[in-house]
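Read the structure below first, then the notes.
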Amino acid sequence: MRTALHKALPALFCLTFGFPDIVASAFAQDPPVAMGEATRGRVIFNGIGGCFNCHGNDGVITRLPRHSPKLADELARLAPPPADLRNPSRLKSQTDADRLRSIKFGHPGTAMFPKKFLSEREVADLLAYLATLREEAGGNDKAVP
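So the sequence shown is numbered by numbering that gives the first Met the number 0: it starts at 0 and just counts up by one.
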């Protein structure tokens, strides 16, 4: 509570004394993205993150795990379908900040739900792993520090 209040006080001060542009610019900035470890990210992707259920084992969209017939049918009918993470030209999220928001808060207009159960470190590791998928696909898309 105390930390949240300390973070909110500068914004309240600026709003009270007529500095709305400062407040707006502070909230418009992309969240900082920590550098993660791709090897750990791969384990999270194919494990507790559950990413592999929709995006395929190791991000290969055609290598989905064996699902129950009902779940397989539901996944096949998703509109839009899960993103092919190895095809950078088809991805909506173009920056690590966008990807971070999609992981933490879900992806509006898709079936991707928020992964609020992942720690900051786990999200950073996932981002590092996703960068390797794009690099392997020839996207030449390095993770943003």
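For each residue, glycine too, the CB sits at the ideal point set by N, CA and C. In this text, all values refer to a predicted model and were calculated from it rather than measured experimentally.
Inset, instruction - For the alpha helix (DSSP H) containing F44, list its first residue and its last residue. - result: Mapped onto the sequence shown, residue 44 falls at position 45. Looking at the DSSP string, the run of the alpha helix (DSSP H) that includes F44 is 37-44.
Inset, instruction - Compute the distance between the beta-carbons of C50 and L74, then report whether it is under 8 Å. - result: One-based indexing of the sequence shown puts residue 50 at position 51. One-based indexing of the sequence shown puts residue 74 at position 75. No; because the gap between Cβ atoms is not below 8 Å, this pair is not in contact.
Legend entry - Other residues of its chain near F121: CB distance less than 6 Å, five sequence neighbours each side excluded: Counted from its first residue, the sequence shown places residue 121 at position 122. Inspection of the sequence shows that residue 121 is occupied by Glu rather than by Phe. Hits under 6 Å: I43.
Inset, instruction - Following the continuous alpha helix (DSSP H) through K103, name the residue where it begins and the one where it ends. - result: Walking along the sequence shown from the start, residue 103 turns up at place 104. Per DSSP, K103 belongs to the alpha helix (DSSP H) from 95-104.
Legend entry - L117: first and last residue of the uninterrupted alpha helix (DSSP H) it sits in: Within the sequence shown, numbered from 1, the residue matching residue 117 stands at position 118. L117 -> no alpha helix (DSSP H), and no H or E assigned at all.
Inset, instruction - Look at the Cβ atom of I60, then the Cβ atom of P81, and state whether they are nearer than 8 Å. - result: Here residue 60 refers to the residue found at position 61 of the sequence shown. Here residue 81 refers to the residue found at position 82 of the sequence shown. Yes, Cβ-Cβ distance for I60 and P81 is below 8 Å.
Inset, instruction - Along the alpha helix (DSSP H) that carries N52, what are the first and last residues, could you check? - result: Counting from 1 along the sequence shown, the entry for residue 52 is found at position 53. Where N52 is concerned, the enclosing alpha helix (DSSP H) stretches over 51-54.
Inset, instruction - Rounded to whole angstroms, what's the CA-CA distance from P107 to G55? Just pull it up for me. - result: Within the sequence shown, the letter at position 108 stands for residue 107. Within the sequence shown, the letter at position 56 stands for residue 55. Rounded to whole angstroms, P107 to G55 spans 20 Å at the Cα level.
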